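Notes for the one structure printed next.
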Amino acid sequence: MAKRDAREPADGSALAGFGRYAGPATLILSSLADGPKHGYALTKDVESFAGVRLAPGTLYEALARLESQGMIEALEAEDRRRPYRLTTAGATALKAHLAAQARVTEVGLRRLAVNWSSPTLGTA
Amino acid sequence: MTPADEPAEAASAAGDAEMTSGDGDGDGDIQRAERLLRWYPGSWRDRYGAEFTELLIADISERPRSLRRPLDVMRGGVRARLADAGLAGFPLPLATAASAATSAGPLEHARQRQVSASLGSFSCALGAFLVLGSALWSQFLINWQWSVLIRTLDHQHGTSPGARPAQVPGDDAFLAVLTTYSMLALLVLAILAALPVLAAAAGQIARGREPRLIKPAVVLAAALAVLVVGGRHFENNWIGTGGHHALIPSGVAAFIWALTLSITSYWGHPSLLVTLPASERAWMALSPFVLAIAVASATILVRRVRLPPRVAAFEARLGLLGCIAMAAFIACFGVWLTERVGLMPGLPVGVSIGATNATIIALLALALAVAAQAARMAVRGLRRARA
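For the record, the sequence lines run as chains A and B.
To convert, note that position 123 of the first sequence is 124 in this note's numbering; the numbers rise steadily by one, no gaps.
To convert, note that position 148 of the second sequence is 183 in this note's numbering; the numbers rise steadily by one, no gaps.
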């Protein structure tokens, strides 16, 4: 079985090629799943649901990557602010990626519940 | 990603400047945002500049003091500039449908630009390597050939009783020949790579499809003409091969020596410099600019010419071969240099051979690193375009 790069998303989805930008890309795509947003609105939305603030350079590097991969597309600029929206390809990639993450989350939580919540083991 | 309210404890010089220059008012925020935007290349600013500036202004007004912001923008800007030069995987901005110059889609157009940028950077690195490497090679060649003659004469006349008999063309002939032919291989590869580019450029200029090629093509032709005329004239001052030229193409060495006369440690020794003829000094002052113009115009030409995918693939493969030739030259020359240091008969007192050669070898290694990265990015870009 081929070894997977630890930095790649476990699902091998289209986000796999994003490397260290898979995190920001996931956050951006999740934010755009709610509807088109420009840069600042994206930052605030991500901050509200994920508790992290994407720095401007990081945000636009991820936006450029997502746009070049066809996962998002730019809309007409509104007073110097350009909104972006999720494409079908982006929605598919996000769905696959989040489903894989959900499987990892589910397995991790189940194993924690079994092995790390008993009174004999305590909470390590 | 780090939490938004992370305080900026330490402050770098850049961070300090960014953090303290703002006065909290709208104009100050705009100025700070515009200063940060300058980290990005023009093509990136054309596409994202306005919206990115708006985001920066909002970010600055919300968090006036932040070390993370300027550092993040600097990192992104440097990566975008490397990508603009075809040296990083940071995506180039997609052209809008209106500005895309070809019938290809924006994504395909961006990939073509990435490959062209990589090939352009490769040609720039190759040009720098050829100039610096051939300068070293031709100058060492003179020294080597004459030292062989002097050692042979010394042996014949018994002036150096302890000296070993020189084996014409010399004990280190093997290294000299290896270095010579790795440089010549690189020259041949460069010519092979240039021919399809020049043919494509000539065709596109003739058909009037790419007027932006005319200026770099004319400048390149003029620079090459000056270099050929100057090189042919000053090669007459080449002090010869010391009678040992069977293995070395002396005509090529003399011409290259004349082209690269300016690369010398004489600049650090004005008293020695003034002993050279005035015309030679004038050529030493002029030729670096002409060489730089030739390399720059060739780079611009490669970046702008539209190469068919097969030709671009051929160029990228030649680029990889060129990297092997460059590495071979550095390795051979490094060993040769190590062996020859301390065996420099006739070297004027006070002329340091070590510092200049070490600097040039470091620059050669840098040129090789840039060329290898550019060739790798070109191959990767072509592979993605095919996929």
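Ideal Cβ positions, reconstructed from N, Cα and C, are used throughout, including at glycine.
Predicted, not measured: the structure shown is a model, and the values here were computed from it.
Which residue marks the beginning of the beta strand (DSSP E) containing Arg-86 of chain A, and which one marks its end?
Counting along the chain, the unbroken beta strand (DSSP E) around Arg-86 of chain A starts and ends at 85 to 87.
For Ala-410 of chain B, I'd like the list of residues in its chain whose CB is within less than 8 Å of its CB, leaving aside the five on either flank, ordered along the chain.
Taken in chain order, the residues that qualify are Ser-153, Phe-157, Ala-351, Gly-354, Leu-355, Gly-357 and Cys-358.
Tell me the rounded alpha-carbon separation between Arg-83 of chain A and Leu-43 of chain A.
Counting only the Cα atoms, Leu-43 of chain A lies some 11 Å from Arg-83 of chain A.
Strictly under 8 Å for the Cβ-Cβ distance: is His-98 of chain A near chain B by that measure?
Among the CB atoms of chain B, none fall inside 8 Å of the CB of His-98 of chain A.
Between Glu-77 of chain A and chain B, is there a C-beta pair that is closer than 8 Å?
Closer than 8 Å: no.
Taking Leu-117 of chain B as the reference, give the member of B:Ile-328, B:Trp-302, B:Ser-169 and B:Pro-76 with the closest Cα.
Of all alpha-carbon atoms in B:Ile-328, B:Trp-302, B:Ser-169 and B:Pro-76, the one lying nearest the alpha-carbon of Leu-117 of chain B is that of B:Pro-76.
Short CB-CB distance (under 8 Å) between Ser-69 of chain A and chain B
Ser-69 of chain A belongs to the set of residues whose beta carbon lies under 8 Å from a beta carbon in chain B.
State yes or no: is the beta carbon of Asp-81 of chain B nearer than 8 Å to at least one beta carbon in chain A?
Chain A has no Cβ within less than 8 Å of the Cβ of Asp-81 of chain B.
Arg-83 of chain A: contacting residues in chain B (beta-carbon distance under 7 Å)
Correct list: Glu-86.
So with Cβ pairs under 8 Å, would you call Glu-89 of chain B a contact of chain A?
It does; some Cβ of chain A falls within 8 Å.
Answer yes or no: does any C-beta atom of chain B fall closer than 8 Å to that of Glu-62 of chain A?
Against chain B, the CB of Glu-62 of chain A has a partner CB under 8 Å away; the residue lies at that interface.
Between B:Ala-260, B:Arg-421 and B:Val-309, which lies nearest to Leu-294 of chain B when the distance is taken from Cα to Cα?
Considering only alpha carbons, the answer is B:Ala-260.
From the DSSP output, in three-state form, read off Ala-120 of chain B for me.
Assignment of Ala-120 of chain B by DSSP, reduced to helix, strand and coil, places it in the coil class.
Count the other CB atoms, across all protein chains shown, that sit within 10 Å of the CB of Pro-305 of chain B; report buried if there are 16 or more and exposed otherwise.
Exposed: under 16 other Cβ atoms inside 10 Å.
So, under 8 Å CB-CB, Leu-398 of chain B and Leu-222 of chain B are touching, yes? Tell me the CB distance rounded to an integer number of Å.
Not quite, the Cβ-Cβ distance comes to about 18 Å (not below 8 Å), so this is no contact.
Identify which residue in A:Lys-96, A:Glu-79, A:Leu-30 and A:Val-115 has its Cα closest to the Cα of Leu-60 of chain A.
Answer by Cα proximity: A:Leu-30.
Mind pulling the alpha helix (DSSP H) runs of 4 or more residues that sit fully within the region 223 to 281 of chain B?
Within the region 223 to 281 of chain B, the complete alpha helix (DSSP H) segments of 4 residues or longer fall at 249 to 269, listed in chain order.
Do Ala-63 of chain A and Arg-104 of chain B come within 8 Å of each other at the CB atom, strictly closer than that value?
Going by C-beta atoms, Arg-104 of chain B is not nearer than 8 Å to Ala-63 of chain A.
Exposed or buried, what is Asn-116 of chain A when buried is set at 16 or more other beta-carbons lying within 10 Å of its beta-carbon?
Exposed is the label assigned to Asn-116 of chain A, since fewer than 16 other Cβ atoms lie within 10 Å of its Cβ.
Delimiting residues of the beta strand (DSSP E) encompassing Ala-75 of chain A:
In the DSSP annotation of this structure, the continuous segment of the beta strand (DSSP E) that includes Ala-75 of chain A starts and ends at 73 to 75.
Bridge partners for Glu-79 of chain A per DSSP, in chain order?
Beta-bridge pairing links Glu-79 of chain A to A:Arg-82.
Give me, in chain order, the residues of the same chain whose beta-carbon lies closer than 7 Å to that of Leu-255 of chain B; leave out the 5 immediate sequence neighbours on both sides.
Ala-329, Ser-332, Ala-333 and Leu-336, listed in sequence order.
Return the residue from the list B:Pro-246, B:Ala-115, B:Ala-400 and B:Gly-84 that minimises the CA-CA distance to Ala-360 of chain B.
For the residues B:Pro-246, B:Ala-115, B:Ala-400 and B:Gly-84, the minimum Cα distance to Ala-360 of chain B belongs to B:Ala-400.
In three-state DSSP terms, what is Arg-54 of chain A?
In this structure, Arg-54 of chain A counts as strand in the three-state DSSP scheme.
Beta-carbon separation of Ala-258 of chain B and Val-340 of chain B under 8 Å?
No, these two residues do not count as a Cβ contact at 8 Å.
Does the distance from the CB of Trp-318 of chain B to the CB of Gly-265 of chain B come in under 8 Å?
Yes, the pair counts as a contact, with Cβ atoms nearer than the cut-off.
Does any CB atom of chain B fall closer than 8 Å to the CB of Ala-1 of chain A?
Since the first and last residues shown for chain A are 2 and 125, residue 1 of chain A lies out of range.
N-terminal and C-terminal residue of the alpha helix (DSSP H) that Pro-323 of chain B is part of:
Segment 313 to 339, the alpha helix (DSSP H) holding Pro-323 of chain B.
Please work out which residues of its chain come closer than 6 Å, Cβ to Cβ, to Ile-395 of chain B, disregarding the five sequence neighbours upstream and downstream, and give them in chain order.
Spatial neighbours of Ile-395 of chain B in its own chain (CB-CB distance under 6 Å, excluding positions within 5 residues in sequence) are listed in chain order as Leu-167 and Leu-171.
Write down the C-beta distance between Ala-420 of chain B and Arg-146 of chain B rounded to the nearest angstrom, noting that I regard them as a contact closer than 8 Å.
Contact holds; Cβ gap of about 5 Å.
Considering Thr-295 of chain B, what are the terminal residues of the alpha helix (DSSP H) in which it resides?
Thr-295 of chain B -> no alpha helix (DSSP H), and no H or E assigned at all.
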